[in-house]
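A.B. asks: full-length UniProt numbering numbers the first residue of the sequence shown as 1 and each following residue consecutively.
Don't be surprised by glycine CBs; every beta carbon is placed ideally from N, CA and C.
Note that the structure is predicted; figures quoted are calculated from it, not measured.
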Amino acid sequence: MYYSGDTDCAAGSTCVYNNDWSTTTTSTTSSTKTSTSTTTKTSTTSTKTSTTSTPSGSGSCSFGNPYENGYTAYLSPYYIAEVNAAIATQSSSTLKTKSAKVAQIPNFTWFDTADKVPTLGDYLADARSMQADGTKMILQIVVYDLPDRDCHAKASNGEYHIAQNGVANYKAYIDAIKSYVVQYPDVRIVAVVEPDSLANLVTNMSDSHCANAHDAYLQCTTYALQQLNQCNIWLYLDAGHAGWLGWQSNQDPAAQLFAQVYKSATPNRVRGLATNVANYNALHASTPDPITQGDPCVDELSYVQAMSPRLTNYGFPAHFIIDQGRSGVQNIRGQWGDWCNIKGAGFGMRPTNVTPDPVIDAIVWVKPGGECDGTSDSSSPRYDSTCSLSDAKQPAPEAGTWFEAYFEDLVNFANPAL
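Have a look at this one:
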């Protein structure tokens with residue numbers, strides 16, 4: 001999944017060339033988690049190949065890196081519509097042109113409520129129709145509707161609650177997704193499974209909300225992996241980011257938990273882990289951000305390289321996709337735990353399967369830039385105080401809704417420039 005575009009630094013930033021896949025940008029102005037979200041073609045053939053085997057009861061499945069072999073990433077109609085609506089309100093012709101480019105960069109479609117699931121069938125049908133000329137499509141989705149979701153924050157609380165039949169409702173949600181997946185066995189799907197969930201079980205069990213959700217999270221995640229274990233889907237469990245599970249004391253417990261879930265579900269379609277989802281970390285930081293002090297993993301590359309041998313040791317497949325959608329500008333957070341609408345952020349390096357380490361399958365954009373991380377309105381039931389910190393752009397609407405001022409910042413500060 002290649003992207004060929006401008007490689008200039010964003011205006012007002014200082015760029016340091018690191019290598020062929022990474023340029024580090026530092027904001028020239030000082031600034032004192034993860035969130036919800038919801039075609040032209042942007043890929044070329046790679047020289048790498050996939051292997052094929054026949055798992056029991058699954059027919060002949062293709063394995064290996066799903067982003068290899070010339071697959072073209074499907075562009076989300078939902079996101080294109082959001083961007084087009086934004087363009088209609090913009091007065092600057094330069095901004096309009098840059099915004100239009102964003103709509104042509106593939107990102108993931110989030111299924112964060114059950115009522116969105118039927119659109120998966122529409123997207124799969126559309127992707128299938130695009131394959132009539134021999135093009136091979138890949139549809140990227142996020143499975144994100146656990147009961148008592150976002151147990152250690154408030155901005156992205158979901159529709160299901162454990163005490164109100166949440167586990168059964170979640171299973172019905174997964175069954176609905178599966179029903180569409182199996183109808184289109186000829187369309188390749190990459191799915192990120194439940195951002196924040198397992199990472200919270202590693203580090204936040206002192207929070208009663210997470211402790212109470214522990215068993216349901218494991219049960220539901222296992223069910224999702226088992227039911228979505230189809231030949232045309234590649235599953236990546238969410239693994240937080242370098243500033244969360246990259247700390248020395250968190251690495252081994254995290255690897256053990258991922259392996260536990262993997263072995264419990266016994267799915268052959270789990271490819272690995274997704275990192276930095278909806279976050280801001282650099283792939284490779286030549287000059288580590290001061291907020292990373294004390295963490296041996298100062299960026300996502302060092303994080304996946306640290307986790308890879310641990311995962312392998314515990315029997316989990318050590319492959320990764322890394323979200324770089326909002327990582328264009330570094331050194332803009334007050335502390336590493338800040339995640340909400342960070343001021344000064346810009347769109348980052350474009351999706352590609354050209355990566356600095358073989359364990360990384362692809363650089364992707366999981367978070368649809370412009371969809372809000374969380375509201376700054378303290379009267380809202382889903383208000384999280386993180387969204388009112390000094391490094392959070394305000395005023396901000398509810399999580400998942402369009403945040404035009406923030407989208408324009410992402411466009412204007414994009415690196416490479418749009």
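Let me make sure I understand the geometry here. Which of Asp-186, Gln-164, Ala-282 and Trp-110 has the alpha-carbon closest to that of Gly-71?
C.D. replies: Reading the sequence as shown, one finds Tyr at residue 71 and not Gly. Among Asp-186, Gln-164, Ala-282 and Trp-110, the Cα nearest to that of Tyr-71 is on Asp-186.
A.B. asks: Rounded to whole angstroms, how far is the Cβ of Thr-375 from the Cβ of Cys-387, which I believe are closer than 8 Å?
C.D. replies: Contact holds; Cβ gap of about 6 Å.
A.B. asks: Going by the beta-carbon positions, is the gap between Ala-86 and Glu-300 smaller than 7 Å?
C.D. replies: No; because the gap between Cβ atoms is not below 7 Å, this pair is not in contact.
A.B. asks: Around the Cβ of residue 438, are there at least 16 other Cβ atoms within 10 angstroms (buried) or fewer (exposed)?
C.D. replies: With the chain running from 1 to 418 in the structure shown, residue 438 is simply not present.
A.B. asks: From Leu-228 to Leu-124, what does the alpha carbon distance come to, in whole angstroms?
C.D. replies: Using only the alpha carbons, I get a separation of about 15 Å.
A.B. asks: With a cut-off of 8 Å, do at least 3 Cβ pairs link the stretch 364-378 to the stretch 176-184?
C.D. replies: Segments in contact, no.
A.B. asks: Which runs of the alpha helix (DSSP H) fall wholly inside the stretch 221-276 and span at least 4 residues, in chain order?
C.D. replies: Complete alpha helix (DSSP H) runs here, min 4: 242-245 and 248-265.
A.B. asks: Within 7 Å of any Cβ in chain B, is that where the Cβ of Pro-381 sits?
C.D. replies: Structure shown: chain B not included; a single protein chain is present.
A.B. asks: Only counting the same chain, and skipping five residues up and downstream in sequence, which positions put a Cβ closer than 8 Å to that of His-214?
C.D. replies: Excluding positions up to five away in sequence, the list reads Leu-201 and Met-205.
A.B. asks: Going by the beta-carbon positions, is the gap between Gly-346 and Gly-328 smaller than 7 Å?
C.D. replies: Yes, Cβ-Cβ distance for Gly-346 and Gly-328 is below 7 Å.
A.B. asks: With contact counted as at least three CB pairs below 8 Å, one residue from each stretch, are the stretch 164-176 and the stretch 232-244 in contact?
C.D. replies: Flag = no, the stretch 164-176 and the stretch 232-244 do not touch.
A.B. asks: Considering only the beta carbon of each residue, do Val-364 and Ile-321 sit closer than 7 Å?
C.D. replies: A contact, by the Cβ cut-off of 7 Å.
A.B. asks: Helix, strand or coil for Arg-310, going by three-state DSSP, please let me know.
C.D. replies: Helix, per DSSP.
A.B. asks: Which of the three DSSP states is assigned to Met-205 in this structure?
C.D. replies: Three-state DSSP puts Met-205 in coil, outside helix and strand.
A.B. asks: Using the beta-carbon count (16 or more within 10 Å), is Ala-132 buried or exposed?
C.D. replies: Classification of Ala-132: exposed, given that the 10 Å Cβ count is below 16.
A.B. asks: According to DSSP, is Arg-188 helix, strand or coil?
C.D. replies: Correct three-state label for Arg-188: strand.
A.B. asks: Closest by CA to Glu-408, which one among Ala-73, Thr-89, Asn-65 and Asp-361?
C.D. replies: Of the listed residues, the one whose Cα sits closest to Glu-408 is Thr-89.
A.B. asks: At a threshold of 6 Å, does Asp-150 count as lining the ligand ZN (C-beta to nearest heavy atom)?
C.D. replies: No copy of the ligand ZN occurs in the structure displayed, which carries no ligand at all.
A.B. asks: Do Ala-242 and Asn-281 have their CB atoms nearer than 7 Å?
C.D. replies: Closer than 7 Å, so yes.
A.B. asks: Residues in the same chain with beta-carbon distance under 7 Å from Tyr-144, minus the five sequence neighbours each way, listed in chain order, please.
C.D. replies: Counting only Cβ-Cβ distances below 7 Å, and skipping sequence neighbours, we find Thr-36, Trp-110, Phe-111, Asp-112, Glu-194 and Pro-195.
A.B. asks: Specify the secondary structure class of Ser-62 as computed by DSSP and reduced to three states.
C.D. replies: It is a strand residue.
A.B. asks: Out of Pro-351, Gly-166, Glu-159 and Val-167, point me to the one whose CA is closest to Pro-381's CA.
C.D. replies: Here the closest residue by C-alpha is Glu-159.
A.B. asks: Note down the Cα distance separating Leu-146 from Cys-372, rounded to an integer number of angstroms.
C.D. replies: Between Leu-146 and Cys-372, the C-alpha separation is close to 20 Å.
A.B. asks: Where DSSP assigns a beta bridge to Phe-111, which residues make up the other side?
C.D. replies: The partner list for Phe-111 (beta bridge, DSSP) reads Val-143.
A.B. asks: One question on the structure: do Asn-331 and Tyr-406 come within less than 7 Å of each other, judged by their Cβ atoms?
C.D. replies: No.
A.B. asks: In the DSSP assignment, what are the bridge partners of Thr-352?
C.D. replies: DSSP, once it has assigned bridges, lists Ile-363 as partnering Thr-352.
A.B. asks: Distance check for Arg-188 and Gln-226, CA to CA, integer angstroms please.
C.D. replies: If I take the Cα positions, the gap works out to 18 Å.
A.B. asks: List the DSSP bridge partners of Met-130.
C.D. replies: Met-130 pairs with nothing; no bridge assigned.
A.B. asks: So, for Ser-295: in the same chain, excluding its five sequence neighbours on each side, which residues have a beta-carbon less than 6 Å away from its beta-carbon?
C.D. replies: One detail in the question is off: residue 295 reads as Asp in this sequence, not Ser. Closer than 6 Å at the Cβ level, and outside the excluded window around Asp-295, lie Gly-246 and Trp-247.
A.B. asks: Expressed to the nearest angstrom, what Euclidean distance is found between the alpha-carbon atoms of Arg-128 and Leu-139?
C.D. replies: Those two C-alpha atoms are separated by around 10 Å.
A.B. asks: Ignore the nearest five residues each way along the sequence and tell me which others in Ser-302's own chain have a CB closer than 6 Å to its CB.
C.D. replies: Cβ within range, chain order: n/a, list empty.
A.B. asks: Taking the C-alpha atoms as reference points, what is the distance between Thr-94 and Ala-100?
C.D. replies: Spanning the two alpha carbons is a distance of roughly 10 Å.
A.B. asks: Counting only runs of 4+ residues fully inside the stretch 277-337, write out the alpha helix (DSSP H) ranges in chain order.
C.D. replies: For the stretch 277-337, whole alpha helix (DSSP H) runs of length 4 or above, ordered along the chain, are 300-313.
A.B. asks: Cα separation between Phe-258 and Lys-136?
C.D. replies: Distance between the alpha carbons of Phe-258 and Lys-136 is about 31 Å.
A.B. asks: Tell me which residues share the same chain as Gln-114 and place their Cβ nearer than 6 Å to its Cβ, disregarding the 5 neighbours each side in the sequence.
C.D. replies: Residue identity differs from the one stated: residue 114 is Ala in this sequence, not Gln. If we look at Ala-114 and ignore the five residues flanking it on each side, its Cβ neighbours are Tyr-173.
A.B. asks: Is the beta carbon of Lys-343 less than 7 Å from the beta carbon of Lys-263?
C.D. replies: It is not a contact, given that the beta carbons lie outside the stated cut-off.
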